[in-house]
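Using the UniProt record's numbering, the first residue of the sequence shown is number 1, and each one after it goes up by one.
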Amino acid sequence: MWVRELSSRAGAIILSTLLALGLGACQALDNISNDADSDVVYLTHRAVLSTNAASAEGVSTDASLLSARIFPGAMISGPGGQLLPNTDVISAEAIPGPKLQVRYTINPAAVYSDGQPLNCEDYLLAFIAAVMPSLFGSHLPLYQHAESLDCEPGSKTFTVHFEEGYGQRWREFFGPGTVLPFHKIVERANVDTPTAVKALKSFDKATLAPIAEVWRHGFDVAHFDPELQVSFGPYHITAVTDSGDIHVEANPQYYGNPPKLDSLTFRPRNSEQASHNASAAIVGDVLDGNLDDFLGQDNTQPLEQKSVVGERTDTLTLASGGVFAEVTARRALAACIDNAAVAKASSDNAGVQVPPVNTRVVSQPDPLYPRISQAIAPEIPGYVQNHADLSGKTIRLAYHGPNKRYQAMVQALGESCKTQGITVEDVSTADTTLADLVDARNPEEGFVDAFLSPVDPQNNVDLEPADPGRQNEILKTEQALWKNIVTIPLAAEPRSFAIDHRIGNVVVYTGPAGIGWNMDRWQLKATP
């Protein structure tokens, strides 16, 4: 069994109950290296557009696969649903009451790679960006019931306040890749710190506009800016190549234990990367296809493989404007979808059998899922309705492409809806993201009616207040979500992994951070 070691100078937490990988037969990888000098390559099908995991673009392209160890979260998520305090950076204490409060304390030794301290302004910016999605282009629906964040400039402490009855999922706040360098962002936006803090506290859209622009687009990988993208995690980005390779090195300013690897290369696999470096050790996280597509036959490097049903749910997020402005239309789409057929299309393309899913706030592998699924199933027909509200209309559905598995899922969805007079058009491109959804406030800006992507049930929405008991809260939340239908769950996400035998301490995780959740603990094994 590979064990994740999580250490801190303030104290050590050893995880001794993590997954045994049980990886199967070995295969080899072809055409993986481009121009990287790193001994280790972290390979994924999906190209990361941004290291900002809170933006619509970042959420759509799994930015947290990389940014989890660049801009680490307040908690470290790992296999088995564990959430462990990341005390190298910050600690938190919940204060119970009619309105929950959570008091955070930033580690005094936590600094960015440029030597500047991590302060509460960084978290204030993250919070305001989350609760002002229209201005910032963020996508963090979990924050919709958070009321405020108290922050005095330069302080190492701050408090988050929630609406009455909410905040059960406060541990998911300030997740990986969502807290970005305030001091660099406001500097680039040409706004001084006092003015920026005042604007954040007063929701001053005019003053915040240039800050929001830098927050949203300044972390685009295609225009990598090392002066802006300073890190407070164990790694920092040093370069991005023309072909999309992202080179990271150990952050010398990081307070926690230094990474085991001095450097590695994060590589999205695409047709442009056709050169070969047989000496590189590989860790592969397959999000968009299957291992047969991902792995080749002409390389002799031994790779362990594992395919599993993931923790996330492939989900349709519906536009707030356009054809889905009215709930009746959203219910009509839900009524025409054959989830079993969509799940089969996903399974056939992934080589992993995944089940259809009918819940949004509990994942399919969760032991509680069968009870919630069975409880909500009889109620769903009462929430969806006749297809007449969409009959004769065209639904523009997209995902971040290219993605053969999603393409097959959309085709299956289209077939089931076509029989009811509803046309589904695949409008996906390599640049399509959640930001392209038609917005009720700015309907002329979007061209997508529904966006298909994996959603983590744990940090998607907060739980509705209910009688004591997690099952009651989850069921009440599912009932509310089925009533409004702003998203439609389809099927569990399949995940496959390929791991070079020469790399140790790699632990499979199917949540947002992926297998790289502990990449600072990866290490090359000694050669015999």
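Idealized CB from N, CA, C, for every residue including glycine. Here the structure is a predicted model, which is why all the values come from computation and not from measurement.
When DSSP labels each residue in this structure, what does residue i get in the three-state scheme?
{"i": "residue 204", "result": "coil"}
{"i": "residue 429", "result": "strand"}
{"i": "residue 211", "result": "helix"}
{"i": "residue 284", "result": "strand"}
{"i": "residue 141", "result": "helix"}
{"i": "residue 477", "result": "helix"}
{"i": "residue 456", "result": "coil"}
{"i": "residue 193", "result": "helix"}
{"i": "residue 7", "result": "For residue 7, the predicted model reports a pLDDT of 33, less than 50, meaning its position is unreliable; a value from the coordinates is still stated below. The answer is coil: DSSP assigns residue 7 none of H, G, I, E or B."}
{"i": "residue 517", "result": "helix"}
{"i": "residue 36", "result": "Because the pLDDT of residue 36 is 42, which lies under 50, any placement of that residue in the model is unreliable, and the number read from its coordinates should be weighed accordingly. Three-state DSSP puts residue 36 in coil, outside helix and strand."}
{"i": "residue 100", "result": "coil"}
{"i": "residue 310", "result": "strand"}
{"i": "residue 220", "result": "strand"}
{"i": "residue 272", "result": "Note that residue 272 scores 45 on pLDDT, short of 50, meaning its location in the model is unreliable; the coordinates nonetheless yield the value given after this. Coil, per DSSP."}
{"i": "residue 78", "result": "strand"}
{"i": "residue 524", "result": "strand"}
{"i": "residue 133", "result": "helix"}
Express the C-alpha separation of residue j and residue i in angstroms, rounding to a whole number.
{"i": "residue 518", "j": "residue 257", "result": "12 angstroms"}
{"i": "residue 16", "j": "residue 168", "result": "Confidence at residue 16 is low in this model, with a pLDDT of 33, below 50, so its placement is unreliable and no value can be given for it."}
{"i": "residue 395", "j": "residue 319", "result": "11 angstroms"}
{"i": "residue 304", "j": "residue 94", "result": "41 angstroms"}
{"i": "residue 139", "j": "residue 266", "result": "24 angstroms"}
{"i": "residue 218", "j": "residue 371", "result": "44 angstroms"}
{"i": "residue 70", "j": "residue 135", "result": "25 angstroms"}
{"i": "residue 227", "j": "residue 184", "result": "8 angstroms"}
{"i": "residue 51", "j": "residue 132", "result": "19 angstroms"}
{"i": "residue 73", "j": "residue 171", "result": "10 angstroms"}
{"i": "residue 373", "j": "residue 358", "result": "6 angstroms"}
{"i": "residue 233", "j": "residue 118", "result": "11 angstroms"}
{"i": "residue 418", "j": "residue 329", "result": "15 angstroms"}
{"i": "residue 339", "j": "residue 486", "result": "17 angstroms"}
{"i": "residue 302", "j": "residue 41", "result": "14 angstroms"}
{"i": "residue 214", "j": "residue 57", "result": "14 angstroms"}
{"i": "residue 397", "j": "residue 437", "result": "9 angstroms"}
{"i": "residue 200", "j": "residue 84", "result": "29 angstroms"}
{"i": "residue 144", "j": "residue 513", "result": "22 angstroms"}
{"i": "residue 205", "j": "residue 193", "result": "16 angstroms"}
{"i": "residue 615", "j": "residue 108", "result": "Here the chain covers residues 1 to 528 and nothing more, so residue 615 does not appear."}
{"i": "residue 452", "j": "residue 208", "result": "30 angstroms"}
{"i": "residue 141", "j": "residue 165", "result": "17 angstroms"}
Within 10 Å of its beta-carbon, does residue i have 16 or more other beta-carbons around it, so buried, or fewer, so exposed?
{"i": "residue 376", "result": "buried"}
{"i": "residue 61", "result": "buried"}
{"i": "residue 521", "result": "buried"}
{"i": "residue 356", "result": "buried"}
{"i": "residue 203", "result": "exposed"}
{"i": "residue 526", "result": "exposed"}
{"i": "residue 382", "result": "exposed"}
{"i": "residue 446", "result": "buried"}
{"i": "residue 431", "result": "exposed"}
{"i": "residue 279", "result": "exposed"}
{"i": "residue 223", "result": "exposed"}
{"i": "residue 464", "result": "buried"}
{"i": "residue 88", "result": "buried"}
{"i": "residue 190", "result": "exposed"}
{"i": "residue 97", "result": "exposed"}
{"i": "residue 195", "result": "exposed"}
{"i": "residue 508", "result": "buried"}
{"i": "residue 388", "result": "exposed"}
{"i": "residue 441", "result": "exposed"}
Checking 7 angstroms against the spacing of the C-beta atoms, do residue i and residue j come in under that value?
{"i": "residue 351", "j": "residue 493", "result": "no"}
{"i": "residue 102", "j": "residue 110", "result": "no"}
{"i": "residue 384", "j": "residue 335", "result": "yes"}
{"i": "residue 282", "j": "residue 500", "result": "yes"}
{"i": "residue 76", "j": "residue 285", "result": "no"}
{"i": "residue 482", "j": "residue 337", "result": "no"}
{"i": "residue 230", "j": "residue 114", "result": "yes"}
{"i": "residue 496", "j": "residue 347", "result": "no"}
{"i": "residue 125", "j": "residue 182", "result": "yes"}
{"i": "residue 477", "j": "residue 268", "result": "no"}
{"i": "residue 390", "j": "residue 480", "result": "no"}
{"i": "residue 120", "j": "residue 148", "result": "no"}
{"i": "residue 491", "j": "residue 416", "result": "no"}
Distance cutoff 7 angstroms, beta carbons only. Does residue i sit that close to anything in chain D?
{"i": "residue 122", "result": "No chain D appears in the structure shown, which is made up of a single protein chain."}
Contact defined as beta carbons within less than 8 angstroms: I believe residue i pairs with residue j. What is the distance between those atoms, to the nearest angstrom?
{"i": "residue 241", "j": "residue 248", "result": "Wrong, their Cβ atoms sit about 13 angstroms apart, outside the cutoff."}
{"i": "residue 489", "j": "residue 315", "result": "5 angstroms"}
{"i": "residue 64", "j": "residue 177", "result": "4 angstroms"}
{"i": "residue 360", "j": "residue 510", "result": "Not a contact, Cβ separation roughly 17 angstroms."}
{"i": "residue 434", "j": "residue 48", "result": "Between residue 48 and residue 434 the Cβ distance is about 15 angstroms, and since that is not below 8 angstroms, they are no contact."}
{"i": "residue 414", "j": "residue 392", "result": "Not really, about 15 angstroms apart at Cβ, beyond 8 angstroms."}
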